[in-house]
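Line by line, the protein sequences are chains A and B. Residue 2 is where the first sequence starts when you use the numbering used here, and the numbers rise one by one after that. Residue 18 is where the second sequence starts when you use the numbering used here, and the numbers rise one by one after that. What follows is a short report on a single structure.
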Amino acid sequence: MTGLRRVMCIEDDADIRLILEFSLATVGGYEVLCCAGGRAALSQAPGFRPDLVLLDVMMPDLSGPETLAALRKLPCMDGVPVVFLTAKAMPDELEQLLEHGATGLIVKPFDPMTLPHDLLPYWEHGRGGRGA
Amino acid sequence: MPLDILVVDDIQESRRALCALVTELGHSAVGVDSGLAALEAVRRRLPDLVLLDLLMPGLDGFEVTRRLRGLTGGRWLPVIATSSLQGDEHVIRALHSGADDHLSRPVNPALLEAKLRHYGSVLGLQSRLASLAQRQRDMLDNILDPVLTLDAAGRVEELNRAALALTLRDGGPLAAGASCMAVFGVELPALLAQRECRLHGASGEAFPAELGLSEWREEGAAHYTVVLRDLTERRQVERMKDEFLATVSHELRTPLTSVMGALGLLAGGAAGALPAGALPLAEVARRNGERLGRLIDDILDLTKLEGDRMALHLRPQRVQPLLEEALAANRAYAARAGVSLWQEPDAAAPGIEAALDADRFLQVMANLLSNAIKHSPAGETVRVSVHHGGGALRITVRDRGPGIAPRFRARMFEKFSQADGTDRRAQGGTGLGLYITRMLVERMGGRISADDVTGEGAAFSVSFPLASTLASTPGSAAAPALPAPPALLHVDADYESRARVARWLTPDYRVAGAATLAQAEAEAAHTAQTAPLLLIGNPQSQGSADAFCAGLRRLAAGRPVLLLGDSVDQAFGERLGLPWLSLANGGAAELLSVLQRLLAGTHGSGPPP
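Dropping the structure here:
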């Protein structure tokens, strides 16, 4: 058992939310909460207390980086790794995203069969950060 | 042509007689009786010609002639002095005062008629020339783009109306006499090499402009006419296009993510085991989804590269770690194809540094490696080797596949080219890979080439200038040296043509350009260190073609010479005994192949085959 249990996904596309839920809950066995946007995520994060957040970059209303900045202000998010999901539309912006305080990047299209496993290094990294 | 003639004579009788005679000859006449009245009449309405009595009370004819010169506004007003004086002295004095001609009184009607006809035809010619010049001026002024003509020293000689809306770097108005530096911020030689510049508008705001430059000669002196086109709007459109493409790419990837995700889950059994027959179908869908993703990537890269809008982060770095990363990233793909990847050991490799953009270098290597894997039969090995020397680093990727079809060689680095149309589907490529690879390599200051080893598979090499060699080991001296690209001097009066040939030949050759033989000599002396290995010349607009070719030969001093231009043909080349290439039906590929043969010495005098 790795200890990674609760994953929060913030993604505006309903179909991708379904794939994420299937991948992380059915294949990965995690407890998953999918939010359609940054605002919903901000209100639900304190109750859900995620171990890791998967965050889409391009979203209407609140963008990925904006959501990240707001999430970082929540006490329940202290030390929680946030991994961006990006469509790799703008390679030059990838570095900027990491500078925004993200733990990592997962590029779309991703492989849903390996995604639960692919998240583990980020969670390990985040846990290390929390211990320090 | 009927003329308006002013007749000036204080004696009424002779004035009337002269007016009558002028009218009889088909012209119109106005008579005045004094010098002052004549000046007043000219001020009111400029006649075509003046018949002026020299001897008058008050202002005499000599004085009137002198004063008339100030009243014509630069136009030529012929003045024919009349008098009954004997001898030439007063005629000479009248001509010195500014008169054009003289008639003795009493006036001989036939002589007057002949003189008026002569002045009529000269005035007619002059007005035609003036209206022609005005027409040219109007056309120039009605060009919406600023047009400037600079002299050989870079001073503005002429400018059109649109150019008046520009300002100098220091904020002053642009006018004839301004220096190249004041207008463009660079000296003339630098400007000649530019395709773009920054200008300042009426309120001092800077904007980017495209620079269309042509060089021409007048009595041996060079002039440069520059047409400037505001690029602000085009830049805006490009930015919108980039944003649009980024959006399109995102919009395309979002459904692709769902499609690929759903397929992956189905094939992975996440929704329950699939019947045996369904798995190959899911695999077909997955493979094509991946291909669609690659196409989206390639088209995005292509658009950015072609628009010169891809930002590269070049920094000197060790090449070996990047190479290992590229090999590692392609191991899984190679394993699936049953192909192994192997880097030839080289003791010096770990120390080699080049100025690269790491991500883009990885993309280049990924492309070459995946190409090699794709074309390798199962069980074979793709070999990667690193050589350095001569200030450059060369990485070669060699496969044991079928090799490069001769038909494909000429266009393999072009857009949408694949070895075989039917091959495209079988191999799942986009036809953009090598083209994008070439563009990326060139943007990083490198070159790409395909080595021809018939029957032994294909070998692609990329080379980059070496940043430095750290910790070079004794063994590194044995590494094969890479020759610098050969230098070439191109003499052509046409700037555009020089620029085009330079584009075609870079980076295979280091191309220097010269408009004339004199410039070429200066250029050759200047670059004595890197003497050109061969010369290209276009005899067009260079005076005598024979003299030009003789000069070219003298300058070449035994090195190969190629005549290149629209006007050269077989007869011309044979007469001068020089190899030639006509650009009327040849392009970059023909030129490169002729040059290769010239350098190899397999192409002596005479026309190309």
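Just so you know, even glycine gets a beta-carbon here, dropped at the ideal spot from N, CA and C. What you are looking at is a predicted structure, and each value in this text was computed from that prediction instead of being measured.
So which residues on chain A does residue i lean against when the C-beta distance must stay under 9 Å?
i        : result
Thr274/B : Asp14, Asp16, Ile17, Ile20, Leu86, Ala88, Lys109, Pro110, Phe111
Ala279/B : Asp16, Leu19, Ile20, Phe23, Pro113
Leu282/B : Ile20, Phe23, Ser24, Thr27, Val28, Pro113, Met114
Rounded to the nearest angstrom, what separates residue i and residue j at their Cα positions?
i        : j        : result
Pro66/A  : Val58/A  : 7 Å
Leu627/B : Leu72/B  : What the structure shows of chain B is the stretch from 18 to 626, and residue 627/B is not part of that stretch, so it cannot be assessed.
Thr99/B  : His113/B : 15 Å
Arg122/B : Gly87/B  : 27 Å
Cys36/B  : Arg152/B : 36 Å
Phe49/A  : Val33/A  : 9 Å
Pro423/B : Ser610/B : 14 Å
Pro367/B : Leu319/B : 32 Å
Arg426/B : Ala467/B : 8 Å
Asp511/B : Leu165/B : 18 Å
Ala475/B : Leu331/B : 29 Å
Ala573/B : Arg517/B : 22 Å
Pro362/B : Val403/B : 9 Å
Thr490/B : Ala364/B : In this prediction, Thr490/B has a pLDDT of 40, which is less than 50 and means its spatial position is unreliable; nothing more can be read from the coordinates.
Leu373/B : Gln253/B : 29 Å
Gly137/B : Ala34/B  : 21 Å
Pro113/A : Arg270/B : 15 Å
Met461/B : Leu329/B : 8 Å
Leu120/A : Ile11/A  : 15 Å
Ala127/B : His44/B  : 14 Å
Ile453/B : Leu317/B : 10 Å
Thr439/B : Gly448/B : Residue placement at Thr439/B cannot be trusted, given a pLDDT of 46 that sits under 50; what the coordinates show is reported in the next sentence. Each residue's alpha carbon lies about 12 Å from the other.
Ala219/B : Arg455/B : 42 Å
Ala180/B : Asp162/B : 7 Å
Ala195/B : Gly594/B : 47 Å
Leu580/B : Arg570/B : 11 Å
Asn384/B : His392/B : 12 Å
Ile22/B  : Asn159/B : 36 Å
Gln211/B : Leu228/B : 7 Å
Leu94/B  : Val139/B : 11 Å
Thr486/B : Ile369/B : Since pLDDT at Thr486/B reaches only 43, below the 50 mark, its modelled position is unreliable, and no value is offered.
Ile28/B  : Glu106/B : 23 Å
Tyr31/A  : Asp52/A  : 10 Å
Using a Cβ cut-off of 8 Å, pull out every chain A residue sitting near residue i, in sequence order please.
i        : result
Thr271/B : Asp14, Ile17, Ala88, Lys109
Around the Cβ of residue i, are there at least 16 other Cβ atoms within 10 angstroms (buried) or fewer (exposed)?
i        : result
Phe201/B : buried
Thr87/A  : buried
Asn125/B : exposed
Lys132/B : buried
Lys321/B : buried
Ala495/B : A caution first: Ala495/B carries a pLDDT of 38, below 50, which makes its placement in the model too unreliable to give a value.
Pro74/B  : exposed
Thr249/B : exposed
Ala343/B : buried
Met257/B : exposed
Trp359/B : exposed
Arg327/B : Note on identity: in this sequence residue 327/B is Met, with Arg being the wrong assignment. Met327/B is buried by the Cβ-count criterion.
Ala192/B : exposed
Ile17/A  : buried
Ala55/B  : buried
Which bits of chain B does residue i rub up against, with CB to CB less than 7 Å?
i       : result
Met78/A : Under the 7 Å cutoff, chain B gives no residues; its nearest Cβ is about 26 Å from Met78/A.
Ala9/A  : Looking at the sequence itself, residue 9/A is Met, so the reference to Ala does not match. Under the 7 Å cutoff, chain B gives no residues; its nearest Cβ is about 18 Å from Met9/A.
Met59/A : His267
Chain E partners of residue i, CB-CB under 8 Å?
i        : result
Gly285/B : Annotation note: the requested chain E is absent from the structure, which comprises protein chains A and B.
Is any non-hydrogen atom of the ligand SAH found closer than 7 Å to the C-beta of residue i, if you look at the structure I gave you?
i       : result
Gly29/A : With respect to small molecules bound, the structure shown includes none, and the ligand SAH cannot be examined in it.
**OP:** Counting only runs of 4+ residues fully inside the segment 21-90 of chain A, write out the alpha helix (DSSP H) ranges in chain order.
**Re:** Taking 4 residues as the shortest admissible run, the segment 21-90 of chain A contains the following complete alpha helix (DSSP H) segments, listed from N- to C-terminal end: 39-49, 65-72.
Subject >> Residues from the segment 248-270 of chain B in contact with chain A, defined by Cβ distance under 7 Å >> reply: Per Cβ criterion, the list reads Ala263, Ser266, His267, Arg270.
**OP:** Identify every run of the beta strand (DSSP E) within the segment 563-594 of chain B, keeping only runs that are complete inside it and at least 3 residues long; order them along the chain.
**Re:** As far as the segment 563-594 of chain B is concerned, its whole beta strand (DSSP E) runs of at least 3 residues are 578-582.
Subject >> Contact set between the segment 336-352 of chain B and chain A, restricted to residues whose Cβ is under 9 Å from the partner >> reply: Nothing from the segment 336-352 of chain B brings a Cβ to less than 9 Å from some Cβ of chain A.
Original post:
Using a beta-carbon distance cut-off of less than 7 Å, what residues from the segment 307-325 of chain B approach chain A?
Top reply: Taking 7 Å as the Cβ-Cβ cut-off against chain A, the residues of the segment 307-325 of chain B that qualify are Gly310.
Subject >> Runs of beta strand (DSSP E) lying entirely within the segment 62-121 of chain B, each at least 3 residues, in chain order >> reply: The segment 62-121 of chain B is shown to contain whole beta strand (DSSP E) runs of 3 or more residues at 66-70, 96-100, 118-121, in chain order.
**OP:** Please list the residues of the segment 287-298 of chain B that have a C-beta atom closer than 9 Å to any C-beta atom in chain A, keeping them in chain order.
**Re:** The segment 287-298 of chain B vs chain A, Cβ under 9 Å: Ala287, Ala288.
Subject >> Those runs of the beta strand (DSSP E) which lie wholly inside the segment 185-224 of chain B and span at least 3 residues >> reply: Unbroken beta strand (DSSP E) runs of no fewer than 3 residues, entirely contained in the segment 185-224 of chain B, are found at 213-217, following chain order.
Subject >> Length-filtered (3 minimum) beta strand (DSSP E) runs lying within the segment 507-542 of chain B >> reply: As far as the segment 507-542 of chain B is concerned, its whole beta strand (DSSP E) runs of at least 3 residues are 527-531.
**OP:** Note down, one range per segment and in chain order, each beta strand (DSSP E) of at least 3 residues found wholly within the segment 113-183 of chain B.
**Re:** Qualifying beta strand (DSSP E) stretches, in chain order: 118-121, 164-168, 173-176.
Original post:
Can you give, in chain order, each stretch of the alpha helix (DSSP H) that sits fully within the segment 276-356 of chain B and has at least 4 residues?
Top reply: Listed in chain order, they are 295-323, 336-353.
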